[in-house]
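First to last, the protein sequences are chains F and R.
Sequential numbering of the first sequence, starting at 1, is according to our numbering.
Sequential numbering of the second sequence, starting at 345, is according to our numbering.
Positions of the beta carbon are idealized from the N, C-alpha and C atoms, including for glycine.
In this text, all values refer to a predicted model and were calculated from it rather than measured experimentally.
Read through the structure below, which is laid out as structure tokens, and then see the notes.
There are 2 protein chains.
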Amino acid sequence: MARVNLEEIGRLAGVSRSTVSRVVNGSPNVSPEVRERVEAVIAETGYRPHAAARSLASNRTGVFGLVVPSAAETLFDDPYFGRLILGVTSATNAMQTTLALFLFDQESDENSIIPQVVNPGLVDGVIVTATQMGDPLISQLQQATMPFVIVGRPDDGRSMFSVDADNRGGARMAARHLAELGRTRIGLISPPSNSTAGLDRRNGFLEGLAEAGLRIDGLIAEGNWTEESGRAAMETLLASPASRPDAVFVGSDRMAVGALRAIQEAGLSCPDDIALVSFDGILPPDQTMPRLTSVAQPVAEVGERAARLLASIVDSTVTTAEHIVFPTRLVIRESCGSPPADGA
Amino acid sequence: MARVNLEEIGRLAGVSRSTVSRVVNGSPNVSPEVRERVEAVIAETGYRPHAAARSLASNRTGVFGLVVPSAAETLFDDPYFGRLILGVTSATNAMQTTLALFLFDQESDENSIIPQVVNPGLVDGVIVTATQMGDPLISQLQQATMPFVIVGRPDDGRSMFSVDADNRGGARMAARHLAELGRTRIGLISPPSNSTAGLDRRNGFLEGLAEAGLRIDGLIAEGNWTEESGRAAMETLLASPASRPDAVFVGSDRMAVGALRAIQEAGLSCPDDIALVSFDGILPPDQTMPRLTSVAQPVAEVGERAARLLASIVDSTVTTAEHIVFPTRLVIRESCGSPPADGA
DNA sequence: GTATGGTATGGGAGCGCTCTCAGGGAGCGC
DNA sequence: GCGCTCCCTGAGAGCGCTCCCATACCATAC
Numbered sequence: 001m002a003r004v005n006l007e008e009i010g011r012l013a014g015v016s017r018s019t020v021s022r023v024v025n026g027s028p029n030v031s032p033e034v035r036e037r038v039e040a041v042i043a044e045t046g047y048r049p050h051a052a053a054r055s056l057a058s059n060r061t062g063v064f065g066l067v068v069p070s071a072a073e074t075l076f077d078d079p080y081f082g083r084l085i086l087g088v089t090s091a092t093n094a095m096q097t098t099l100a101l102f103l104f105d106q107e108s109d110e111n112s113i114i115p116q117v118v119n120p121g122l123v124d125g126v127i128v129t130a131t132q133m134g135d136p137l138i139s140q141l142q143q144a145t146m147p148f149v150i151v152g153r154p155d156d157g158r159s160m161f162s163v164d165a166d167n168r169g170g171a172r173m174a175a176r177h178l179a180e181l182g183r184t185r186i187g188l189i190s191p192p193s194n195s196t197a198g199l200d201r202r203n204g205f206l207e208g209l210a211e212a213g214l215r216i217d218g219l220i221a222e223g224n225w226t227e228e229s230g231r232a233a234m235e236t237l238l239a240s241p242a243s244r245p246d247a248v249f250v251g252s253d254r255m256a257v258g259a260l261r262a263i264q265e266a267g268l269s270c271p272d273d274i275a276l277v278s279f280d281g282i283l284p285p286d287q288t289m290p291r292l293t294s295v296a297q298p299v300a301e302v303g304e305r306a307a308r309l310l311a312s313i314v315d316s317t318v319t320t321a322e323h324i325v326f327p328t329r330l331v332i333r334e335s336c337g338s339p340p341a342d343g344a
Numbered sequence: 345m346a347r348v349n350l351e352e353i354g355r356l357a358g359v360s361r362s363t364v365s366r367v368v369n370g371s372p373n374v375s376p377e378v379r380e381r382v383e384a385v386i387a388e389t390g391y392r393p394h395a396a397a398r399s400l401a402s403n404r405t406g407v408f409g410l411v412v413p414s415a416a417e418t419l420f421d422d423p424y425f426g427r428l429i430l431g432v433t434s435a436t437n438a439m440q441t442t443l444a445l446f447l448f449d450q451e452s453d454e455n456s457i458i459p460q461v462v463n464p465g466l467v468d469g470v471i472v473t474a475t476q477m478g479d480p481l482i483s484q485l486q487q488a489t490m491p492f493v494i495v496g497r498p499d500d501g502r503s504m505f506s507v508d509a510d511n512r513g514g515a516r517m518a519a520r521h522l523a524e525l526g527r528t529r530i531g532l533i534s535p536p537s538n539s540t541a542g543l544d545r546r547n548g549f550l551e552g553l554a555e556a557g558l559r560i561d562g563l564i565a566e567g568n569w570t571e572e573s574g575r576a577a578m579e580t581l582l583a584s585p586a587s588r589p590d591a592v593f594v595g596s597d598r599m600a601v602g603a604l605r606a607i608q609e610a611g612l613s614c615p616d617d618i619a620l621v622s623f624d625g626i627l628p629p630d631q632t633m634p635r636l637t638s639v640a641q642p643v644a645e646v647g648e649r650a651a652r653l654l655a656s657i658v659d660s661t662v663t664t665a666e667h668i669v670f671p672t673r674l675v676i677r678e679s680c681g682s683p684p685a686d687g688a
């Protein structure tokens, strides 16, 4: 069953290459009997169109790139990226598009990967996640006029297509919730401030705190998304018993796991001594004791929407940049100290 | 900066298309001054070769596919696939190859995805993971003469290229370790037996048990890789207190987390009442209390090796099917009840 | 009858590259 | 000085497809 091409199929079915192409691509202008004959030949030869040839002629590859830069090492310890990939693939599968994954597993890879990403004829467009401030990839994409969508909020004001969760609103909600439960010394373990998500969560939290008439009072530490950094940050906050917080908002689930461990290692109780609310809502709830109250963001939906948005950019259906924000919701469990209202 | 092609670069540099091609592809037969001139033009025009055109002409795409079929939903809760992807990308990055990810997120996707995977001109070869017995994908790949490597052990005797961890030997080691610690009623929570990995771990365990002169005595339950199934399986094993095991080998880390929870919920202690050894060695050790003793398999290395093997098949460097097995090693922590010998 | 329009089909051109081959020039040995 | 080889370069063909246009045919309208 050697490779066979359009011409050959045409020959076998007694029609031209063009007609076979029409059948393959579902053009309506083909007579039923011809279509049937051609389809029979295709079936019995096992013919499959050659993707590269098609791409070259049509200037469309049917491939989207998903770029996940920076420390990929730690990446999959966080369920976030897995969920995002799941969302993206669910959309690309539905659109008959294939997904190329660009993971930079080292800083040094960056320079060898970027050319691939922006290479014409490989992908039709790119979804970019976890962009750092001033990411060189972004400007390269713009320069190459490669369509792209950012997952997250772009750091500068320039208009680009992007999809994000409402980090700011969610964090604000968390702060207010803790305040409403009567906590007064509410601390923050912030995600890294070199990411817009981190920045937004921090600012949203401070905003909510202010709205509740509370002050942060120096109870602030910064982590780097990892469990270990959450634990270290909590240890910092607990360092002086006199000024110990009675509640902490932790900027991500994983950091919260570490923070919780620090609380317990210090012989304190969560939520009695220190209430905790985290962000992401992505961990299997039973993974911690008490279970985490968390601001849930719809990660898979963000990924799915990003893929669909990219598709419409590629199709030139939408042309003016838009920033899509998904709402977050507070999932109350035990770590915040309020009676559970929602078991999800 | 509109699209520019080889011909155009040639025109600007005063040479032919062919010469530019040689420069781009690093052919040695180009005079230094011409090379320099061409490279200057390339740099200033921002020229990038068109991947599809190159693929069409050279019959090489520079893309490898990674296929992860079946229940993708639960996929990323298990760090296994993340690690595997990391390993594969580390190799493909080094080889200047791009990775196409094929995730079937529903059974129904399968039929729409397979054609993409075996499509000529899209990928040069495919790495297939988590194959079920009698996977239709495999026969399609063979039929399309698409090079492929299986991660895991192929279920039938036919010769194919594959890379696996020594599931059998690892499980055997686990059984013997527990026996050496003086446990006599050693149970098994087996991975699903519709996977060769599951089968191998189960058989290896039984083998090790027999070598230690022990019998399984009905202390066997089967899970489906999930935490919840591990917990349910352990509950089954604990159902009749009279015949309770004093040790259990759990076929995966995630199931072990569930099993551990079941032990603790039953008011028993691990390792005092029931010692635990699991398989994978992939979870952050601090995630459980006590920390899990586990048979560690080098997942990332398996992925990396699979990608490299695929590359040599594509290059026709290797032609006779081989099955590569990576050794596993027992990482002793607290859950097995022996004094820790290794902190990794 | 001719004019008009829609539909089914074929053929040519071309997408941007690689690969093979031919040819010109330089360098070498005798 | 001639022939040989080796290196560099250019030109042609062709990868398998899509897209556009020309053509042939049929149906309808006047």
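Looking at the DSSP output, R/T473 bridges to R/V495. When beta bridges are read from the DSSP output, F/V277 appears opposite F/F249 and F/T293. When secondary structure is reduced to three states using DSSP, R/R673 falls in the strand class. Between the region 87–107 of chain F and the region 492–506 of chain R there are fewer than three C-beta pairs closer than 8 Å, too few to call the two in contact. For the alpha helix (DSSP H) assignment, the uninterrupted runs of no fewer than 4 residues enclosed by the region 369–403 of chain R are, from N- to C-terminal side, 376–389 and 395–402. Closest option to R/A644, judged by alpha-carbon separation, among R/G426, R/I353 and R/E380: R/G426. Restricted to the region 541–567 of chain R, the beta strand (DSSP E) segments that are unbroken, complete and at least 3 residues in length are 564–566, listed in chain order.
Those residues of the region 210–223 of chain F placed with their C-beta closer than 7 Å to a C-beta in chain R do not exist.
If the five residues before and after R/P536 are omitted, its C-beta is found closer than 8 Å to the C-beta atoms of G542, E566, G567, N568 and W569, all from its own chain and listed in chain order.
According to the DSSP assignment, R/I533 belongs to the beta strand (DSSP E) that extends over I530 to S534. Taking C-beta atoms as the reference points, F/I138 and F/L310 fail to come closer than 8 Å. F/R308 is outside the set of residues whose beta carbon lies under 8 Å from a beta carbon in chain R. The Cβ atoms of R/S622 and R/D659 do not sit closer than 8 Å to each other. With respect to R/G602, R/E572 sits close: the two C-beta atoms are nearer than 8 Å. Residue environment analysis places R/T664 among the exposed positions, since fewer than 16 neighbouring C-beta atoms fall within 10 angstroms of its C-beta.
Going by C-alpha positions, F/G267 is about 16 Å away from F/V248. Residue contact with chain R for F/I138: absent (no Cβ-Cβ distance below 8 Å to any residue of chain R).
For F/A52, the closest Cβ of chain R is nearer than 8 Å. In this structure, R/Q608 sits away from R/G625, with a CB-CB distance that is not shorter than 8 Å. At least one CB of chain F lies nearer than 8 Å to the CB of R/L447. Look at R/P464: its C-beta is under 8 Å from a C-beta on chain F. In the three-state scheme derived from DSSP, where H, G and I count as helix and E and B as strand, F/D315 is classed as coil.
Here R/S539 is not near R/I564, since their CB atoms are 8 Å or more apart. Annotated as distal: R/L620 and R/P423, with beta-carbon spacing of 8 Å or more.
Neighbours of R/I457 across chain F, judged by C-beta separation under 7 Å: N93.
Taking 8 Å as the cut-off, the beta carbon of F/V302 is found no closer than this to the beta carbon of F/G65.
Less than 8 Å divides the Cβ of R/A444 from the Cβ of R/V467. Relative to F/D200, the option among F/D272, F/P136 and F/R153 whose CA is nearest is F/R153. A straight-line Cα-Cα distance of about 6 Å links R/E678 and R/P634.
Minimum Cα-Cα distance from F/G169 among the listed residues F/L188, F/N203 and F/R22 corresponds to F/N203. Using a Cβ-Cβ cut-off of 8 Å, R/E579 does not count as an interface residue toward chain F, since no Cβ of chain F sits closer than that to its own. Looking at the backbone, the Cα of F/V23 and that of R/V461 are separated by about 21 Å.
Within the region 237–264 of chain F, not one residue has a Cβ closer than 7 Å to any Cβ of chain R. For F/A100, the secondary structure class from DSSP, reduced to helix, strand or coil, is strand. Residue pairing by DSSP puts F/D164 in a beta bridge opposite F/V325.
Less than 8 Å divides the Cβ of R/R529 from the Cβ of R/P589.
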